[in-house]
Every structure is written in C-alpha cells, then in structure tokens.
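Numbering (the numbering used here), first residue to last: 1 to 663.
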Amino acid sequence: MSAPTKPATMKQTERVVQGPGFGRGPMGGGMVGQKAHDFRASGKRLLGLLRPARMQAVAVLLLAAGSVASVVVGPYLLGKGTDLVFNGLISERLPEGSTKAQAIAAAEARGDDRAANFLRGLDIVPGQGVDFGAVGHILLIVLAIYVLGQFLGWLQGWLVNDVVQGTVQRMRSDVEDKIHRLPLSYFDRQPRGELLSRVTNDIDNVAQNLQQTMSQLLTSVLMVIGVLGMMFWVSPLLAGIALVSVPLAMIATAQIMKRSQSQFINQWRQTGRLNGQIEEAISGHALVTVFGRRSAVEAEFAEANEGLYQSSYRAQFVSGLVMPLMMLIGNLNYVVIAVVGGIRVAHGSLSLGEVQAFIQYSRMYTQPITQIASMANLLQSGVASAERVFELLDAEEEVGSTPLVEVRASASLETKETRGEVHFEDVSFSYDRDEPLIEDLSLVARPGETVAIVGPTGAGKTTLVNLIMRFYELDGGRITLDGVDITAMPRAELRDNIGMVLQDTWLFEGTIRDNIAYGRPGATDEEIREAARATYVDRFVHSLPEGYDTRVDDEGSNLSAGERQLITIARAFLAQPALLILDEATSSVDTRTELLLQHAMAALRTDRTSFVIAHRLSTIRDADLILVMEHGRIVEQGSHAELLERGGAFARLHAAQFAAAAG
C-alpha cells in the first residue's frame with residue numbers, strides 16, 4: 001500500500017450529510033418546491049402522451065361522433081312523430097271532405113286570425129285522423145338508432161379504456177426508468193412519501209382524468225356541436241336565444257377554474273406531505289414507541305391532516321360552484337325558449353313537434369355544457385397531477401458517459417477484466433459548494449488490498465465510498481479504476497464491478513434463494529449454495545422448514561438481524577465483484593457469528609480491493625491501510641499494528657472500545 005503523495009484534510013461542516021443508503025431516514029430531505037403551474041403546457045404535454053395510440057384515438061373520435069349523431073337525430077324524428085299525432089288530432093276536428101285552404105278561410109271568415117295562422121303552420125288533411133302506421137314506423141327507426149348509438153358508445157368506452165391504460169402504463173414505465181437514472185442526491189432531498197405520492201397517487205389521478213376526459217369530455221364537445229347544428233336547422237331565432245347562455249357560462253367557468261387551480265395544486269402538495277409523514281411514522285414505529293414520541297408524531301400527523309383538509313375543502317368548495325351555476329343558467333335558458341317557442345307555434349312559424357324537439361335540444365345542449373364545466377375541476381386536478389409527474393421526469397439525471405471499452409481503446413489501454421486498483425488523486429468534494437468537506441485527498445488502493453476507514457459518527461467516512469460509487473460528482477481531482485477515470489465510465493458498468501454490504505440490510509419480498517441471487521440473476525443453484533456455505537447462511541437455512549425456498553418480506557422481519565446480514569454478505573459473495581464496499585458489515589451480528597464472518601470476508605476479499613467502514617475495530621485487524629478520521633480530518637493512516645504503536649487517535653479509539661467491552 002503506497003502512502004498519499006499529499007496531506008489529506010477534511011473540513012467539518014455544521015450539518016452531517018449522509019450518503020444514500022447509509023443512514024438517512026425516509027424523510028431525510030425537504031419537500032421539493034413546486035414550479036409555477038402552466039396549465040396549457042402541461043395539458044399539451046399530457047395529450048402528447050397519447051401519440052403512440054393516435055390510431056385508436058381517431059377510432060374513438062369516429063365512434064363518439066357516430067354515437068352522438070344517433071342521439072342528436074332522435075329528438076328531430078320524435079318531433080316529426082309528435083307532429084303526425086298532433087296534426088291528426090286537429091284534422092279529426094275539421095269537417096271531412098274539406099281542404100286545408102277551406103279550413104283557413106273559414107277561420108278568417110270568423111275573424112279568428114290566430115286560428116288561421118295556426119292552421120297554416122300545420123300539415124293537415126281535414127277528417128283524416130292520426131296515421132298510427134307512420135307514427136309506429138318513426139318510433140321503430142328511433143329505437144334502432146338509439147340501440148346503434150348505445151353500441152357505438154360501448155365500443156368507444158372499450159377503446160378509451162385501452163388507450164388510457166396503455167398510456168398510463170407507458171407513463172409508469174417512464175417514471176420507473178427515470179428513477180433509476182436519477183442521481184442519489186435527488187433522493188437525499190426528496191422525502192420518500194412525497195416521491196411515492198407522485199408515482200402512485202398522481203399517476204392514478206392522471207389515469208382517472210384521462211379516462212373521463214376522453215369519454216365524457218369528447219362526447220360532450222361533439223354533443224354541443226351536433227345539438228347546436230340541429231338547433232339552427234330547426235329555428236335560428238331560438239338557437240340565437242340559447243347561445244346567449246354560452247358566454248355567461250364560459251365567463252363563470254373561467255373565473256372559477258382560475259381560483260380553483262391553485263387550490264388543487266396545494267391539495268396534491270399536502271397529500272404528498274401527509275403520505276410522507278405516515279410512511280415515516282409506520283417505518284419508525286418501534287423508535288417512536290421506545291422514545292415515547294407518540295404525542296409528537298400524532299401532533300405532526302394532525303397538522304398535516306388539517307393542512308390536507310383545508311386545501312381539499314377549499315378546492316372542492318370553489319370548483320363545486322360550477323355545477324349549480326351552470327344549472328341555474330340552463331334553467332333560465334329553458335324557460336325563455338319554452339315561452340318564445342310557444343308564441344312561434346301560435347303564430348304558425350313553428351310546428352309543435354319542432355318546438356318539442358328544440359326544447360329537448362336545449363336540454364341536451366345545456367347538459368354537455370354543464371358536464372364540460374363540471375369536469376373543469378377534474379381537468380385542473382388531473383393536469384396538476386400530471387405536472388408533478390412531469391417534474392419528476394424532468395429532474396436532472398446522472399451525466400451520461402462513454403462505454404468502458406471505448407475509453408480503454410481511446411487511451412490505448414488493454415481491454416481486460418477489472419483488477420480493482422483505485423487511485424484518489426487530489427480529490428476535493430463538498431455537499432454544499434460553500435462548505436468544503438474533502439480537500440486534496442490522495443491515496444492508492446492496489447488489487448487485493450483492504451482500506452479501512454474508522455472514526456466517530458458524522459466524520460464523513462461514507463463520503464469516500466460514495467465517491468467511488470459515483471453517487472456524487474467530485475468538485476476537483478479525480479478517481480481512477482485501473483487507470484481509467486471513473487467519470488468516463490457508464491455508472492452501471494462501474495457499479496457492476498463493485499459489491500456492497502450495507503449497515504441497513506435490504507431484502508426484497510421473495511425467497512432466500514432469490515435474495516442471494518439478486519446481484520447475479522443467472523447463478524445456478526449450486527453456485528447459490530456455495531456462496532451460502534462460504535458465508536454461513538447454509539447453516540441456518542437448513543433449520544428452516546422450506547430451506548432456500550423460505551419466503552421473506554421486504555423488511556426480512558421473519559429473520560434475525562444476523563441472518564439478514566449474512567444473506568446480504570452471501571449476495572455480495574455470489575456477485576464476485578472486483579471491489580468490495582463494506583459499511584458496518586458485521587455490526588448487527590453476535591460475537592460468534594462475527595468471527596465466522598471475518599473468515600468468510602477474508603476469503604471474499606482475496607484478490608479484491610476492499611473499502612471497509614467499521615466502528616468495531618476488531619473487524620479490521622488485517623486491513624492493509626487504516627484511515628483514521630477525527631473532527632473532519634484524516635489524522636492518521638497505517639496498518640493496525642503501526643497505528644497502535646504510535647499511540648495516537650487510533651490507539652485511543654482502540655483502548656476506549658475494548659475498555660467498554662471489558663466493562
């Protein structure tokens with residue numbers, strides 16, 4: 001092990017910044033601030049997600065048009081049927097054998113001009129009566145049209161569901177892919193509950209809104225267009241009267257939408273905050289109980305719950321004004337149309353069936369307008385959720401890099417397996433630019449050597465291994481692996497060469513076999529068992545009823561802490577990495593198991609560069625180099641024996657630890 005060419009120092013910062021996966025709680029970061037909401041841009045981007053399904057979207061449009069057409073033509077045909085009945089009833093009251101002209105002339109002779117004008121607007125044959133055959137024929141046609149419309153509407157709903165679910169599936173895939181491309185510093189700042197809220201609640205809300213807008217909103221818009229066309233066809237005068245309500249409705253809706261939008265954004269922000277608080281309380285339930293913090297947690301929950309209640313109440317109250325206001329405008333419009341239409345019938349300008357059809361159209365016209373207005377709050381909520389998802393998708397990613405083979409080729413380096421030689425060359429780093437943490441750190445770790453890092457909690461020990469893993473980027477200097485700058489390597493390729501055993505064990509829901517093989521999915525059963533035997537997992541697995549097929553949950557609660565630690569070590573053993581990072585790797589096991597693990601780790605570290613972070617100095621006796629960090633500085637370095645002989649900081653740590661163990 002070669003000594004550093006320059007003295008290395010670390011400046012202590014006021015705050016202790018833990019690396020990802022090395023001790024930060026789920027709520028370790030602050031809430032990321034919301035951007036200013038841009039409804040138009042976010043809505044346009046949301047619609048852009050439908051582009052891969054544009055053919056289905058066109059089919060949805062055509063089906064919706066067909067369904068709406070069947071509904072729109074119905075009242076007109078029913079109006080014709082009403083005219084047949086009404087005209088027949090009037091005809092029965094007129095003298096048989098006379099003509100329409102004679103009936104009008106008779107009315108004028110009596111001085112009854114209203115009756116004369118009324119008869120002029122009717123299609124009558126005096127004495128003929130109602131043609132029930134023609135009426136029945138119209139009813140059958142209307143029935144067939146309505147059945148066809150319902151069938152087209154069902155097809156539309158089926159296609160909409162297919163389009164929406166496919167779009168949301170792609171969105172979830174994009175989010176999942178994005179999460180794996182985010183720097184781990186993003187997760188330091190982002191509370192877990194807030195992130196989960198974006199990935200689950202917000203995407204679900206987008207799905208719900210897409211479903212409703214593609215079905216109800218599209219149908220409502222087409223209905224307005226179709227009904228409006230029929231209204232002008234029947235009576236331009238009545239259509240003009242009906243249109244007076246449109247600007248009133250638009251102005252009222254726009255004002256309400258403007259006020260409700262900020263409330264919906266705040267509602268989803270408060271939802272993320274509450275989710276984070278609940279997730280933290282559940283995951284830390286044991287600590288909350290031990291430290292008697294139940295009252296404080298309940299107070300925090302009550303505050304977050306009250307914030308969500310207030311924001312939700314305001315959002316729903318403001319947006320809830322849309323429907324009653326639209327219904328009021330619609331009812332007033334209906335009354336005016338009924339009065340004017342009756343007058344027109346009396347003057348013979350319109351038939352009774354036409355007025356009946358127009359009144360139906362006015363109701364049909366008001367209903368989709370009301371639906372569009374009532375869905376305004378859904379649109380606001382959905383676009384607000386979409387924007388939160390887009391913020392995640394737009395978050396700055398880890399910087400891309402060149403494949404390792406190309407780097408070596410351009411540098412005239414031989415392409416071969418990674419040996420694990422790590423150089424720190426004048427490395428400087430800080431979590432905050434104004435507060436340097438590491439300055440001018442230089443060291444060399446050769447293949448097969450073990451570098452141990454010791455010191456009190458918060459001294460920044462994990463920072464060094466974070467930099468090797470490229471969890472963070474350097475402020476200055478460089479780190480090389482086998483002579484290649486790690487910033488020139490794809491992170492995935494770099495990390496494929498590194499095995500890690502963390503202090504906080506992580507097991508996913510599955511079998512013990514699957515958890516061991518996590519870092520090497522193609523491993524054979526014999527290779528898995530060999531890794532388990534080497535790390536003493538095999539010993540306790542044989543005592544389990546289902547052996548390697550024993551299922552564990554994501555917290556591994558059905559296994560002891562030592563057993564979980566052993567499985568994570570077996571996982572690293574099976575991966576056969578060129579570099580090892582062991583963060584408090586044996587801190588959760590008993591003394592006997594620790595001794596067994598030391599032998600297993602000795603075999604695992606053979607011909608592999610290892611960086612070990614440990615408080616228990618007994619685990620690093622055989623380390624080739626020990627770096628001692630104290631008060632933010634690397635104050636000593638050397639082998640175990642050399643540091644004890646010097647009687648400095650390491651010797652004091654060693655004496656204090658073993659005195660505590662003896663006491």
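Backbone N, C-alpha and C fix where the C-beta goes; we use that ideal spot for every residue, glycine too.
With DSSP collapsed to three states, give me the class of residue 364. Counted from its first residue, the sequence shown places residue 364 at position 364. In the structure shown, residue 364 sits in a helix (DSSP, three-state: H, G or I).
Residue range of the unbroken alpha helix (DSSP H) whose run includes residue 432: If you number the sequence shown from 1, residue 432 lands on position 432. Careful: residue 432 lies outside any alpha helix (DSSP H) and carries neither H nor E.
Closest residue to residue 39 among 249, 386 and 395 (Cα-Cα distance): For the purposes of this step, residue 39 is taken as the residue at position 39 of the sequence shown. Closest option to residue 39, Cα to Cα, is 386.
With a threshold of 8 Å on Cβ separation, who are the neighbours of residue 244 within its own chain once the five nearest residues in sequence on each side are excluded? As a working mapping, residue 244 is identified with position 244 in the sequence shown. Within the same chain, residue 244 has close Cβ partners 333.
Alpha carbon to alpha carbon, how far is residue 615 from residue 626? Give it in angstroms, no decimals. In the sequence shown, counting from the first residue as 1, residue 626 sits at position 626. In the sequence shown, counting from the first residue as 1, residue 615 sits at position 615. Residue 626 and residue 615: Cα-Cα distance of roughly 12 Å.
Given this structure, state the Cα-to-Cα distance separating residue 652 from residue 384, to the nearest angstrom. Taking the sequence shown and counting its residues from 1, the one referred to as residue 652 is at position 652. Taking the sequence shown and counting its residues from 1, the one referred to as residue 384 is at position 384. Their backbone Cα atoms lie some 57 Å apart in a straight line.
Minimum C-alpha distance to residue 664 - residue among 378, 579, 443 and 391: The requested residue 664 does not occur in the structure, where the chain is confined to residues 1 to 663.
Own chain partners of residue 547 with C-beta closer than 6 Å, once the 5 adjacent residues on each side are dropped: Counting from one through the sequence shown, the residue named residue 547 turns up at place 547. Result list for residue 547: 541, in chain order.
My assumption, with CB atoms under 8 Å, is that residue 210 sits in contact with residue 64. Please give the rounded CB distance. Here residue 210 corresponds to residue number 210 of the sequence shown, with the count starting at 1. Here residue 64 corresponds to residue number 64 of the sequence shown, with the count starting at 1. The pair is not a contact, with the Cβ atoms about 15 Å apart (cut-off 8 Å).
Short of 7 Å in beta carbon distance, which residues of its chain neighbour residue 53, apart from the five on each side in sequence? Order them along the chain. The residue you call residue 53 lines up with position 53 of the sequence shown. Taken in chain order, the residues that qualify are 163, 166 and 167.
Going by alpha carbons, who is nearest to residue 665 out of 305, 318, 286 and 278? The requested residue 665 is not part of the displayed model; the chain covers only 1 to 663.
Beta-carbon contacts of residue 371 that lie in its chain and below 7 Å, excluding the five residues immediately before and after: Here residue 371 corresponds to residue number 371 of the sequence shown, with the count starting at 1. Setting aside the 5 residues that flank it on each side, residue 371 is surrounded in the same chain by 216 and 220, each with a C-beta closer than 7 Å to its C-beta; the list follows chain order.
Residue 637 (DSSP reduced to helix, strand or coil): If you number the sequence shown from 1, residue 637 lands on position 637. Residue 637: strand per DSSP, three-state reduction.
According to DSSP, residue 644 sits in a beta bridge with which residue or residues? Working through the sequence shown from its first residue, we reach residue 644 at position 644. Beta-bridge analysis with DSSP links residue 644 to no other residue.
Would you mind giving the Cβ-Cβ distance between residue 248 and residue 329, rounded to the nearest angstrom? I have them listed as a contact below 8 Å. Position 248 of the sequence shown, counted from the start, is the residue given in the question as residue 248. Position 329 of the sequence shown, counted from the start, is the residue given in the question as residue 329. About 6 Å separates the two Cβ atoms, so the contact holds.
Who are the Cβ neighbours of residue 32 in its own chain at under 8 Å, not counting the five residues just before and after it? As a position in the sequence shown, residue 32 is number 32, starting the count at 1. With a pLDDT of 34 at residue 32, under the threshold of 50, the modelled position of this residue cannot be trusted, and the question is left open.
Could you tell me the alpha carbon to alpha carbon distance between residue 519 and residue 508, rounded to whole angstroms? Indexing the sequence shown from 1 puts residue 519 at position 519. Indexing the sequence shown from 1 puts residue 508 at position 508. If I take the Cα positions, the gap works out to 12 Å.
Specify the secondary structure class of residue 478 as computed by DSSP and reduced to three states. Here residue 478 refers to the residue found at position 478 when the sequence shown is read from its first residue. Of the three classes helix, strand and coil, the one that applies to residue 478 here is strand, per DSSP.
To the nearest angstrom, how far is it from the Cα of residue 255 to the Cα of residue 261? Working through the sequence shown from its first residue, we reach residue 255 at position 255. Working through the sequence shown from its first residue, we reach residue 261 at position 261. Between residue 255 and residue 261, the C-alpha separation is close to 10 Å.
Span of the alpha helix (DSSP H), counted from its first residue to its last, around residue 569: Reading the sequence shown from its first residue, position 569 is the one you call residue 569. Per DSSP, the unbroken alpha helix (DSSP H) holding residue 569 starts and ends at 561 to 575.
Could you round the C-beta distance between residue 67 and residue 156 to whole angstroms and report it? I think they count as a contact, below 8 Å. Counted from its first residue, the sequence shown places residue 67 at position 67. Counted from its first residue, the sequence shown places residue 156 at position 156. For a cut-off of 8 Å, the C-beta gap from residue 67 to residue 156 is around 6 Å, short enough to register as a contact.
Cβ-based burial, residue 55 [other Cβ within 10 Å; buried from 16]: Locating residue 55 in the sequence shown gives position 55, where the first residue counts as 1. Residue 55 comes out exposed.
Between 174, 495, 365 and 308, which has its C-alpha nearest residue 277's C-alpha? What you label residue 277 is simply residue 277 of the sequence shown in a count that begins at 1. The candidate whose alpha carbon is nearest that of residue 277 is 308.
List the endpoints of the continuous alpha helix (DSSP H) containing residue 311. Within the sequence shown, numbered from 1, the residue matching residue 311 stands at position 311. Membership of residue 311 in the alpha helix (DSSP H) is indicated by the continuous run 294 to 319.
For the structure I just gave you, are there three or more beta carbon pairs, one from the region 267 to 285 and one from the region 359 to 368, closer than 8 Å? Segments in contact, no.
Helix, strand or coil for residue 89, going by three-state DSSP, please let me know. By 1-based counting over the sequence shown, the position of residue 89 is 89. The three-state secondary structure of residue 89, taken from DSSP, is helix.
Whose CA, out of 139, 199 and 212, lies closest to the CA of residue 158? Numbered from its first residue, the sequence shown carries residue 158 at position 158. Among 139, 199 and 212, the Cα nearest to that of residue 158 is on 212.
Who are the Cβ neighbours of residue 271 in its own chain at under 7 Å, not counting the five residues just before and after it? Taking the first residue of the sequence shown as position 1, residue 271 is located at position 271. The answer, listed in chain order, is 197, 201 and 308.
For residue 478 and residue 485, which I take to be in contact (beta-carbon distance under 8 Å), what is that distance rounded to the nearest angstrom? As a first step, residue 478 must be located in the sequence shown, where it is residue number 478. As a first step, residue 485 must be located in the sequence shown, where it is residue number 485. The Cβ separation is near 5 Å, so the contact holds.
By DSSP, does residue 401 sit in helix, in strand, or in coil? As a first step, residue 401 is located in the sequence shown; it is residue number 401 there, counting from the start. Residue confidence for residue 401 is low, a pLDDT of 45 falling below 50, so the modelled location carries little weight; the figure read from the coordinates is stated next. Here residue 401 sits in coil by DSSP.
Rounding to the nearest angstrom, what Cα-Cα distance links residue 499 and residue 611 in this structure? On the sequence shown, residue 499 is found 499 positions in, with the first residue counted as 1. On the sequence shown, residue 611 is found 611 positions in, with the first residue counted as 1. Spanning the two alpha carbons is a distance of roughly 10 Å.
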